[in-house]
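A.B. asks: The structure's right below; bear with me while I get my questions together.
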């Protein structure tokens, strides 16, 4: 398996990272995700890392990169499901994920996106999930 | 990584299968999922297999098992994201996933659950995702 699935939920995209990332997989994910944001006009990206027991600086950097790219494409990134041990490791690695929002789980992450995103012009601001 | 994350989205649970299943991982998933259904009172389980390029009879059986267990716990299972090649393989293996609902993607799977699930007594039938 050489591709991380990206699930569309209304105007948000959900990425669940379960496997160890390596260079090529991370590049594929960045390509896929930016294409999907552009194609769907997604407003938010949820990255679920609850399946990761540990992170290294590579994953930390990848998440920061994805957040930066998404922001340029007008989509907010929320990282959800960070395990306590992972939070400790990230800070110890000096990666405080500045500019990346976090939430405890997907539900809270979606709620965060719903409350923080302003409606685009001509939209009612409600995700299709929220219909 | 020895655990597949189970994400709660309102009254549904979402499981994304990305990695090759083996016996122990499948058992852990069944344990985790049935516990979560019981703990959360989830009405539906979405199993996303869009990350799988191929399936074998083991995965097919596991999905059928999960659907059976969920049904006993009063939750409907919808398998989403089956790739065309996987559909071919499943039928060739003689596994037509009888009794398991399918949908093209997570959004359609959620819509299917919303339209088919009758509200439980004392509930308004709306998932929290749908608020």
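Residue numbers (the working numbering), protein chains in the order written: chain A, 5 to 135; chain B, 5 to 135.
Glycine residues also receive a C-beta, built at the ideal position from the N, C-alpha and C atoms.
When you measure from the CB of residue 78 of chain B to every non-hydrogen atom of the ligand GDP, does any distance come out below 8 Å?
C.D. replies: In the structure shown, the ligand GDP is absent, as is every other ligand, since no ligand is present at all.
A.B. asks: Jot down the residue ranges of each uninterrupted beta strand (DSSP E) in the region 19 to 53 of chain A, minimum 3 residues, whole runs only, in chain order.
C.D. replies: Runs found: 48 to 52.
A.B. asks: Using a Cβ-Cβ cut-off of 6 Å (strictly less than) and excluding sequence neighbours within five positions of residue 49 of chain B, which residues of its own chain qualify?
C.D. replies: Once the five neighbours on either side are set aside, the close Cβ partners of residue 49 of chain B are 17, 74, 79, 81.
A.B. asks: Would you say residue 137 of chain B and residue 22 of chain A are within 9 Å of each other, going by their C-beta atoms?
C.D. replies: The shown model of chain B, from 5 to 135, leaves out residue 137 of chain B, and the question about it has no answer.
A.B. asks: Tell me where the beta strand (DSSP E) around residue 105 of chain A begins and ends.
C.D. replies: 105 to 107 is the span of the beta strand (DSSP E), which, as asked, contains residue 105 of chain A.
A.B. asks: Could you tell me which chain A residues have their CB closer than 8 Å to the CB of residue 20 of chain B, listed as they occur along the chain?
C.D. replies: Those are 9, 11, 20, 22, listed as they occur along chain A.
A.B. asks: Does the distance from the CB of residue 94 of chain A to the CB of residue 59 of chain A come in under 9 Å?
C.D. replies: Yes; because the gap between Cβ atoms is below 9 Å, this pair is in contact.
A.B. asks: State the beta-bridge partners of residue 80 of chain B as determined by DSSP.
C.D. replies: Beta-bridge pairing links residue 80 of chain B to B:48.
A.B. asks: Would you please verify whether the beta carbon of residue 45 of chain A is less than 9 Å from any beta carbon of chain B?
C.D. replies: No - not a single Cβ of chain B is within 9 Å of the one on residue 45 of chain A.
A.B. asks: Would residue 45 of chain A and residue 111 of chain B be called neighbours here (beta carbons separated by less than 9 Å)?
C.D. replies: Taking 9 Å as the Cβ cut-off, residue 45 of chain A and residue 111 of chain B do not qualify as a contacting pair.
A.B. asks: So, residue 106 of chain A versus residue 86 of chain A, is the Cβ gap smaller than 9 Å?
C.D. replies: Yes, these two residues count as a Cβ contact at 9 Å.
A.B. asks: I need the DSSP call for residue 13 of chain B, collapsed to helix, strand or coil.
C.D. replies: Residue state, collapsed to three classes: strand.
A.B. asks: How long is the line joining the alpha carbons of residue 62 of chain B and residue 98 of chain B, rounded to whole angstroms?
C.D. replies: Those two C-alpha atoms are separated by around 12 Å.
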